[in-house]
Amino acid sequence: MTPDDSRLDAIATRWSLIRAAHAAGRAQDADAARRALVLRYARAVRRYVGGIVRNAEDADELAQEVVVRLLRGDFGGADPDRGRFRDLLKTAVRNMVHNHWAKANRRRPAGVDPDALPGAADRPDDDWDAAWRQNVLDHTWAALQDHERAHPGSLTYTVLKLRADFPDETSDQLAARVSAKTGTRVRPDACRQMVRRARVRFAELLVREVELGLADPSPDRVAEDLAALGLLEYVRDFLPPDWSTSGKLSEGRA
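Residue numbers (this note's numbering): 370 to 623.
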């Protein structure tokens, strides 16, 4: 990622990034913003299309068409007052898939409705939410890894990733894994504290990732979006009673 891409990807909200991607008079910044949008959303688009269109080549082609539209700046009319950007993007993808099915079935009898065919665009919204949820989690894990790299001695990513990969292991077993991976002896009680702190950091980064996708990142809107995406479980233990007013996570239970 270039310095310009990094700067644009870190601005206040994804809506700000979308506006930058369609700004007139600053072509270089607009191009960088469009590339940042592609980096954020291309994988979610491909996952969703792949769940609808079973042919991998067709799915790749349709997902690429969405990417081209993002790079071309075709979402300049997006308006945060009319809904979430992910809903706008979902509609664009569904329309492209619908057109794909319509073209593929032109030779069928006139009474055949492409929407009624297996794999048609009108699948439940759960498919898109699942793709978007995984996209949010991927970026949160990446942010946690970046945090560990930026803080020498931190094991937030290492510890939490091992806990996620081996959820049924005891603290003794997990501490042994961390020790083997880092080459430094980690006691079980210290490992438990490291996991707890890592979970708090992950929750903070997850909230931040969701905030970036909202035009109005108020605590209540963030909580609603977390719930809609099935991600509330990751932060539930760290939501204090005054979350609606403070917007700050607590340390949770020890």
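Here a beta-carbon is modelled for each residue, glycine too, at the ideal position from N, C-alpha and C.
| query | result |
| --- | --- |
| Uninterrupted alpha helix (DSSP H) stretches inside the region 516-541 (no shorter than 4 residues) | 525-534 |
| Assigned secondary structure, ALA485 (DSSP; H/G/I helix, E/B strand, else coil) | The predicted model places ALA485 with a pLDDT of 46, which falls under 50 and marks its position as unreliable; any figure quoted below should be read in that light. Here ALA485 sits in helix by DSSP. |
| Residue from ARG568, ALA425, ALA500 with nearest C-alpha to ALA533 | ARG568 |
| Sequence-distant residues of the same chain with beta carbon closer than 7 Å to LEU600, five excluded per side | ARG502, VAL505, LEU575 |
| Separation of GLU426 from SER548, as counted between CA atoms | 44 Å |
| N-terminal and C-terminal residue of the alpha helix (DSSP H) that SER645 is part of | The structure shown does not extend to residue 645, since the chain is modelled only from 370 to 623, so the question has no answer here. |
| Proximal residues to SER619 (C-beta, below 7 Å), its chain only, five neighbours per side dropped | PHE607, PRO609 |
| Of the listed residues LEU598, LEU583, ARG438, LEU457, nearest to ASP400 (C-alpha basis) | ARG438 |
| Limits of the unbroken alpha helix (DSSP H) element including ASP594 | 588-597 |
| Inter-residue spacing [alpha-carbon to alpha-carbon] between ASP541 and THR525 | 18 Å |
| Residue range of the unbroken alpha helix (DSSP H) whose run includes LEU618 | Neither: LEU618 is in no alpha helix (DSSP H) and is coded neither H nor E. |
| Counted within 10 angstroms of its Cβ, other Cβ atoms place PHE535 as buried (16 or more) or exposed | exposed |
| C-alpha gap between ALA479 and GLU517, whole angstroms | Residue placement at ALA479 cannot be trusted, given a pLDDT of 43 that sits under 50; the coordinates are not used to answer. |
| Inter-residue Cα distance where the pair is ARG423 and ARG463 | 15 Å |
| Alpha carbon of GLY337 to alpha carbon of ARG570, nearest angstrom | Shown here, the chain extends from 370 to 623; a query on residue 337 therefore has no answer. |
| Local Cβ density within 10 Å of THR551, reported as buried at 16 or more and exposed below that | exposed |
| Spatial neighbours of ALA489 in its chain, beta-carbon cut-off 8 Å, leaving aside the 5 residues before and after | Any reading at ALA489 must be qualified, since the residue scores a pLDDT of 45, below 50, and its modelled position is unreliable; the value itself is stated next. If we look at ALA489 and ignore the five residues flanking it on each side, its Cβ neighbours are ILE421, VAL466, HIS467, TRP470, PRO483. |
| Inter-residue Cα distance where the pair is SER613 and PRO586 | 11 Å |
| Neighbourhood of ASP496 by C-beta, 8 Å cutoff - its chain only, sequence neighbours within 5 removed | TYR417, GLY420, ILE421 |
| Inter-residue Cα distance where the pair is LEU458 and LEU598 | 16 Å |
| Which of helix, strand or coil DSSP assigns to VAL555 | coil |
| Backbone CA spacing between ALA428 and ARG415 [nearest angstrom] | 7 Å |
| Beta-carbon proximity of ARG577 to LEU583, cut-off 7 Å | no |
| Contacting residues, own chain, Cβ-Cβ under 8 Å from CYS560 (five flanking each side not counted) | VAL528, SER540, LEU543, ALA544, VAL547 |
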